[in-house]
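Notes for the one structure printed next.
There are 2 protein chains.
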Amino acid sequence: MVQCNITREDPKIVTPGPAGRRRTLSEPPAARPRVVAVPDNSHLGDWCDLRGLHLPEGLDPAALLELDAVFSTPYGVKKREVLYRAATPFASLYVIRLGTFKTVMLAEDGREQIVGYQMAGDILGLDGIGNDQHTCEAVALEDSEICALPFEKLDELAGREPALRRNLYRLISRRLNRGRELMVLLGSMSAEQRLAAFLLDLAERFRRAGYSASEFVLRMTRDEIASFLGLKLETVSRTFSRLHAEGLIQVQGRAVKLLDAAALRRAAGQSG
Amino acid sequence: MVQCNITREDPKIVTPGPAGRRRTLSEPPAARPRVVAVPDNSHLGDWCDLRGLHLPEGLDPAALLELDAVFSTPYGVKKREVLYRAATPFASLYVIRLGTFKTVMLAEDGREQIVGYQMAGDILGLDGIGNDQHTCEAVALEDSEICALPFEKLDELAGREPALRRNLYRLISRRLNRGRELMVLLGSMSAEQRLAAFLLDLAERFRRAGYSASEFVLRMTRDEIASFLGLKLETVSRTFSRLHAEGLIQVQGRAVKLLDAAALRRAAGQSG
DNA sequence: CGACTAGTTGAGGCCAGTCAATGTTGGTGG
DNA sequence: CCACCAACATTGACTGGCCTCAACTAGTCG
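In structure tokens form, the structure reads like this:
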């Protein structure tokens, strides 16, 4: 793996325009001019070793540089802002550098359901590839920072770089598989199993992102958890309390501490 | 769209080996030698205009020929035979020429759930791309006929053919979106809504495949429908009876006739 | 014919949904 | 800093839809 030491941008979040609520940020700021010969100051930078972003895997240094040039300048998305809406044109994937998003499917009758949470290192926008149009909307759960990856450019590079091409296929396919696991959860698990599985999944993702796997702060409301798990918020709340009472976790609002991961796995119906 | 008149193979199903129950057919028969200059006798053949298989879209005739060469000789898969199992190496996608398959996710605790049904024109095996290993298993619901698409070859051609590359991305992305719709179904719909939506989806797929959309024979058992919809078989049976009593459908075992598509759409919670 | 699989229907129980009241938290403005 | 308000969260009582268990029927295949 190429070691990328970067001169990082100012980490302060810079929103391209005035930060209204639920404003759509379809367009990133214009890509800055790039000095091709300098491997420092890379947008890939610290993502090389992060979970999820397998895009650079197996690329040679020259290709890495080219890939890096595809990334837009990082920019901020404020809490509750909409990155893209359903039925809007697809142009870019987005890499999350910092923060958390939810992706929401909207049914015609107004029913809506959260179909995924994405955090640092994850990629947003894969749903748009299918018909050049987004099928769900992505909303920031907290102030976040992302890079846009114009898909045209990415695709062009993928034509020349077999490794990148393969990584892109893999990315989408993995997301597909993730979705199927969620189907099993939604189709056959009890409320307690769902919540336990959810917490374990979050823990694993925090761990891979370099945070504590046993103690973290939820970015989403009970209602959002409920939507994701196919439950009602009261049920989620009650189930949190039950897991607490059983000594498996400690909960204080959104602060969660996993006390007995093994028991939690058992509660989720997983072995070990 | 290129009009492909083909000299079709004998439609009789030819299984490569003895046809045992749930035998895995990981390897298709060796690809036959092909005469490059002859656009007839194509494996793509009658699939050009079928729903689902968007792979050839936008390809020029020369590329079409190359794509056609990637397809293996069609071969049969008998009812209940397993095309591939979970956790086995991934090498090929498969195009269904005839028949129906189910894809099943197996949880570690033995719980299993059907995550999709594939019929003529659909592609199987996309789940394997993510980690070069299948994550679910594909089982034929009836005697079927498929072509293997060795992924290495397909990928190599995709490197040279931008349209094919794009079509491949699209294919996977669309499957992803389909899965998300299913999540909404599993997460927020009543038994009656689920079954109504299921029947409407089947109807649409039959329609696109050139069959009647209002009258068809189910290829799956009540239990398999239940697994797919996150219900129990008794509930599915009862719900069929209810829809029948309400005059929306006619059911006789697996033979189904949609009597009032509009009402059915309303029952599914869809507008129109 | 018996054994088996698939499907239907009924009776009763339980888990999660619904409705409602109350408590807690966090952001805003005085 | 505190008061206030709205959003978020918890808990209780009750309801209801789906699951469970079970009996029975119909069709298939040796």
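Protein chains in written order, with the numbering used here: chain A, 7 to 278; chain B, 7 to 278.
Glycine included, every Cβ here is placed at the ideal spot set by N, Cα and C.
Spatial distance of residue i from residue j (CA atoms)
i: L112 (chain A); j: T227 (chain A); result: 18 Å
i: L206 (chain B); j: L270 (chain B); result: 8 Å
i: A69 (chain B); j: E167 (chain B); result: 7 Å
i: L1 (chain A); j: A251 (chain B); result: Residue 1 (chain A) falls outside the range modelled here, since chain A spans only 7 to 278, and no answer is possible.
i: L254 (chain B); j: K108 (chain B); result: 26 Å
i: L174 (chain B); j: A219 (chain B); result: 28 Å
i: R260 (chain B); j: I231 (chain B); result: 11 Å
i: E118 (chain B); j: E143 (chain B); result: 11 Å
i: L65 (chain B); j: R248 (chain A); result: 58 Å
i: R86 (chain B); j: S243 (chain B); result: 23 Å
i: F234 (chain B); j: I120 (chain B); result: 5 Å
i: T141 (chain B); j: V83 (chain A); result: 35 Å
i: E198 (chain B); j: Q256 (chain B); result: 15 Å
i: M189 (chain A); j: G185 (chain B); result: 8 Å
i: L182 (chain A); j: F246 (chain B); result: 30 Å
i: A273 (chain B); j: M195 (chain A); result: 25 Å
i: A164 (chain A); j: G165 (chain B); result: 7 Å
i: V101 (chain A); j: R176 (chain A); result: 16 Å
i: A75 (chain A); j: L61 (chain A); result: 14 Å
i: V262 (chain A); j: L224 (chain A); result: 7 Å
i: G211 (chain A); j: Y217 (chain A); result: Reading the sequence as shown, one finds Arg at residue 211 (chain A) and not Gly. Spanning the two alpha carbons is a distance of roughly 9 Å.
i: R200 (chain B); j: V110 (chain A); result: 20 Å
i: R172 (chain B); j: E63 (chain B); result: 10 Å
Beta-carbon proximity check, residue i vs residue j, cutoff 8 Å
i: G236 (chain B); j: G136 (chain A); result: no
i: A146 (chain A); j: A215 (chain A); result: no
i: L239 (chain A); j: F222 (chain A); result: no
i: F77 (chain B); j: L155 (chain B); result: yes
i: L73 (chain A); j: L170 (chain A); result: yes
i: Y90 (chain A); j: T106 (chain A); result: no
i: I178 (chain B); j: S179 (chain A); result: yes
i: D161 (chain A); j: P95 (chain A); result: no
i: D115 (chain B); j: Q276 (chain A); result: yes
i: L99 (chain B); j: L130 (chain B); result: yes
i: A92 (chain A); j: F157 (chain A); result: no
i: R103 (chain A); j: P67 (chain A); result: no
Partner residues on chain A for residue i, Cβ-Cβ distance less than 7 Å
i: R176 (chain B); result: I135, G136
i: A164 (chain B); result: R171
Contacts of residue i in chain B (Cβ-Cβ under 7 Å)
i: G193 (chain A); result: Q119, L192, G236
i: S179 (chain A); result: L132, D133, I135, G136, I178
Neighbour flag for residue i against chain A, beta carbons, 8 Å
i: G82 (chain B); result: no
i: L132 (chain B); result: yes
i: R29 (chain B); result: Below a pLDDT of 50, predicted positions are generally treated as unreliable, and R29 (chain B), at 49, falls in that range; the measurement from the model is reported next regardless. By this cut-off, R29 (chain B) is not an interface position.
i: M189 (chain B); result: yes
Beta-carbon neighbours of residue i, restricted to chain B and to distances below 9 Å
i: C142 (chain A); result: N183, R186
i: Q276 (chain A); result: A113, E114, D115
Contact list for residue i against chain B, beta-carbon separation under 8 Å
i: D161 (chain A); result: P168, R171, R172, Y175
Any C-beta of chain B under 8 Å from that of residue i
i: M226 (chain A); result: no
i: K18 (chain A); result: Its pLDDT being 37, under 50, K18 (chain A) is placed unreliably in this model, and the coordinates cannot settle the point.
i: P45 (chain A); result: Since pLDDT at P45 (chain A) reaches only 45, below the 50 mark, its modelled position is unreliable, and the value read off the structure follows with that caveat. No - not a single Cβ of chain B is within 8 Å of the one on P45 (chain A).
Counterpart residues of residue i in DSSP-defined beta bridges
i: Q119 (chain A); result: A:M111
i: T106 (chain A); result: A:M125
i: Q199 (chain A); result: In DSSP, Q199 (chain A) forms no bridge with anything.
i: C153 (chain A); result: A:V101
i: F234 (chain B); result: In the DSSP output, where bridge partners are listed per residue, F234 (chain B) has none listed.
i: F222 (chain B); result: B:V262
i: Q256 (chain B); result: B:K263
i: A146 (chain B); result: B:F107
i: Y81 (chain B); result: B:I152
i: P95 (chain A); result: A:Q139
i: L130 (chain A); result: A:Y100
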